[in-house]
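Q:
In this note's numbering, the protein residues as written are 5 to 122.
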């Protein structure tokens, strides 16, 4: 439940929303630049209009692949940073682990014998 509605769930939701938003923005910019080609293509012969549509589709595809690649690169950096942060031990965990290792009689006797040998 926490994974779905926790911080990580919200981050994933915002990433997905951003991807869709960027795709819509790229699509609208590309179509706004090429709308004159579309209008002119409707008047010309159908074969030429097909070539116009193909060119616009390639432009849209290239732009969306570029933007999604950029988002993926940012996502990889964010995921690695977040993963490394999650792996770190808190101060209390470090203290508890130290106490646990120091509290073991075998470890204590071994440390004392090493100290005496020096």
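All C-beta atoms in this analysis are idealised placements derived from N, C-alpha and C, irrespective of residue type, glycine included.
#1: Would you kindly check if the distance between the Cβ of residue 68 and the Cβ of residue 38 is under 8 Å?
#2: Quick check: the Cα distance between residue 47 and residue 55, rounded to an integer number of angstroms?
#3: Are there any heavy atoms of the ligand GTP lying less than 7 Å away from the beta-carbon of residue 91, as far as the coordinates show?
#4: Return the CA-CA distance between residue 83 and residue 36, expressed in angstroms with no decimal places.
#5: Since residue 98 and residue 105 are thought to touch, with beta carbons under 8 Å apart, how far apart are those beta carbons, to the nearest angstrom?
#6: Of the choices 90, 31, 23, 120, whose alpha-carbon is the least far from that of residue 66?
#7: In whole angstroms, give me the CA-to-CA distance for residue 108 and residue 85.
#8: Need the endpoints of the alpha helix (DSSP H) that residue 34 sits in, please.
#9: When you compare the CB positions of residue 3 and residue 72, do they come within less than 8 Å of one another, or not?
#10: Using DSSP with H/G/I as helix, E/B as strand and the rest coil, what is residue 93?
#11: The alpha helix (DSSP H) spanning residue 122 covers which residue range?
#12: So, at 8 Å on beta carbons, what are the nonlocal neighbours of residue 41 in its own chain, with the 5 sequence-adjacent residues on each side left out?
A: Taking the structure as given:
#1: Not closer than 8 Å, so no.
#2: 13 Å
#3: No copy of the ligand GTP occurs in the structure displayed, which carries no ligand at all.
#4: 34 Å
#5: Incorrect: roughly 11 Å between the Cβ atoms, too far for contact.
#6: 31
#7: 35 Å
#8: 11 to 47
#9: With the chain represented from 5 up to 122, any question about residue 3 goes unanswered, as that position is not in the structure.
#10: Residue 93 falls in the coil class under three-state DSSP.
#11: Premise fails: residue 122 is in no alpha helix (DSSP H) and is neither H nor E.
#12: 56, 59, 60
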